[in-house]
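In the working numbering, the protein residues as written are 2 to 252.
The C-beta atom is built at its ideal place from N, Cα and C for all residues, glycine as well.
Some notes on the structure that comes next.
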Ligand code: PGA
């Protein structure tokens, strides 16, 4: 399986011109890679610009999905619209959306919509703080409630990104330790056993996200037991992001 490197642009950049610049700089590197699939998740308004420019080496993702599939819902953007623009992956349950009130129940509904529409789900989970005796249960609940009522088979289109909230948006040295990511990965796979069954619990790709940079990338792959990375602020700096891609390719 190829390594997955996901660029989460969040609410950036401020202009289409800048978005095009970042995209084309990254594309130059991404299209040359054999062992890495790059997935760019820009804000909705830039998706149309990039849909046709993607391929199996560089895919387009959305940062969220509406609960409204069709009908009169002012301001909403439907799953069909995203698909028509070439979106293949959708991030769900990012902590910055959970902070706006998104519950596991809402996330579960979104995952159901995406899987029904044959889109790949990137489910973000992660604890706010490492409170002993609490945070592992919190993670397990995000998994169990997120996948509630979904047939096991459908979960083959799911990717899980472990994003400890306390480590998001910082310098690379503040990222989680790779051995903690490794242990969390084992715990996530154990928690998946009941909802996904043995095979998928073992095979669902696990990503790490939170303050990833070109310097800590290698350690996460070598020591963190992960299959990919979700990159936030460093994905807006093409020189840095391309370095991350090249490090991943070289491993
Ligand atoms: P960061 O963001 O790389 O800026 O920490 C990661 C994320 O929130 O997805």
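- When the Cα atoms are used, residue 178 and residue 2 turn out to be separated by approximately 24 Å.
- The beta carbons of residue 229 and residue 183 sit no closer together than 7 Å.
- Beyond the five residues adjoining it in sequence on each side, residue 129 comes within less than 7 Å, by CB distance, of 166, 167 in the same chain, given in chain order.
- As a beta-bridge residue in DSSP terms, residue 63 pairs with 91.
- The closest heavy atom of the ligand PGA lies 6 Å or more from the beta carbon of residue 63.
- Judged by the Cβ position, residue 211 qualifies as a neighbour of the ligand PGA at the 6 Å threshold, a heavy atom of the ligand being closer than this.
- The Cβ neighbour count for residue 132, taken over all protein chains shown within 10 Å, is under 16; the residue is labelled exposed.
- 197 is the residue among 212, 197, 138 whose C-alpha sits nearest the C-alpha of residue 205.
- In the structure shown, the three-state DSSP call for residue 103 is coil.
- Bounds of the alpha helix (DSSP H) holding residue 50 are 45–51.
- Under the three-state reduction of DSSP output, residue 115 falls in the helix class.
- If you draw a 10 Å sphere on the C-beta of residue 214, you find 16 or more other C-beta atoms in it, and that means buried.
- Boundaries of the beta strand (DSSP E) harbouring residue 163: 159–163, taken from the DSSP string.
- Sequence-distant Cβ neighbours of residue 23 in its own chain, meaning closer than 7 Å and more than five residues away, are 14, 237, 239.
- Taking each of 93, 57, 121, 247 in turn and checking the Cα distance to residue 84, the smallest one comes out for 121.
- The nearest non-hydrogen atom of the ligand PGA is 6 Å or more from the C-beta of residue 186.
- Within 10 angstroms of the beta-carbon of residue 207 lie 16 or more other beta-carbons, which makes it buried.
- Comparing alpha carbon positions, the residue from 222, 235, 209 closest to residue 252 is 222.
- The three-state reading of DSSP puts residue 38 in strand, counting E and B together.
- Straight-line spacing of the CA atoms in residue 160 and residue 193 works out to 12 Å.
- Under the DSSP assignment, residue 3 falls outside any beta strand (DSSP E); it carries neither an H nor an E label.
- Comparing alpha-carbon positions, the option among 119, 10, 188, 180 lying closest to residue 157 turns out to be 119.
- Of the candidates 243, 250, 227, the residue whose Cα lies closest to the Cα of residue 29 is 243.
- In this structure residue 63 is buried. Its beta-carbon is surrounded by 16 or more other beta-carbon atoms within 10 angstroms.
- Distances taken from the Cβ of residue 93 to the heavy atoms of the ligand PGA include none shorter than 6 Å.
- Counted as a single uninterrupted DSSP element, the alpha helix (DSSP H) harbouring residue 187 occupies residues 179–204.
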